[in-house]
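The next block holds one structure in the form of structure tokens; read it before the comments.
In UniProt numbering, the protein residues as written are 1 to 121.
Pasting the structure below:
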């Protein structure tokens with residue numbers, strides 16, 4: 001059975017790009033959130049194996065969402081999606097419980113490497 005992934009990013013283009021990379025490689029994207037609050041709700045409804053979380057989003061930013069997700073599920077697997085120049089925020093996100101990060105614009109091999117490292121194929 002395909003591993004389930006939730007994508008949280010406020011940019012539709014980024015969600016579509018990530019979804020295409022993941023689905024072409026056998027993963028199932030079970031939900032897409034456009035902000036941190038929505039990601040919490042969808043996480044509880046879909047119980048994904050992994051969440052890709054953008055850092056900068058409306059309503060609730062990715063770092064806060066990581067902290068809240070970890071309260072809901074301490075075992076949650078989260079990969080942060082970051083633009084260049086957000087190193088300090090990435091460190092904060094990892095401290096909050098994210099397991100890895102990928103840099104935008106997405107490079108398919110880097111995305112898959114991070115995902116496989118955490119949840120396998």
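Glycine residues also receive a C-beta, built at the ideal position from the N, C-alpha and C atoms.
CA-to-CA distance, residue j to residue i, given in whole angstroms
{"i": "residue 88", "j": "residue 28", "result": "31 Å"}
{"i": "residue 8", "j": "residue 42", "result": "10 Å"}
{"i": "residue 58", "j": "residue 24", "result": "29 Å"}
{"i": "residue 40", "j": "residue 73", "result": "10 Å"}
{"i": "residue 56", "j": "residue 109", "result": "23 Å"}
{"i": "residue 120", "j": "residue 26", "result": "11 Å"}
{"i": "residue 64", "j": "residue 14", "result": "20 Å"}
{"i": "residue 38", "j": "residue 1", "result": "25 Å"}
Assumed close pair residue i, residue j - CB separation to whole angstroms, cut-off 8 Å
{"i": "residue 111", "j": "residue 18", "result": "7 Å"}
{"i": "residue 4", "j": "residue 48", "result": "4 Å"}
{"i": "residue 66", "j": "residue 6", "result": "Incorrect: roughly 13 Å between the Cβ atoms, too far for contact."}
{"i": "residue 103", "j": "residue 84", "result": "6 Å"}
{"i": "residue 70", "j": "residue 96", "result": "7 Å"}
Backbone secondary structure at residue i - three-state DSSP
{"i": "residue 124", "result": "Summary: the structure shown does not reach residue 124, with the chain confined to residues 1 through 121, and so no result is reported for it."}
{"i": "residue 83", "result": "coil"}
Bridge-paired residues (DSSP) for residue i
{"i": "residue 4", "result": "28"}
(message) Counting beta carbon pairs with one atom in the region 71-79 and one in the region 15-32, are three or more of them shorter than 8 Å?
(response) No: the two stretches stay apart, fewer than three of their Cβ pairs being nearer than 8 Å.
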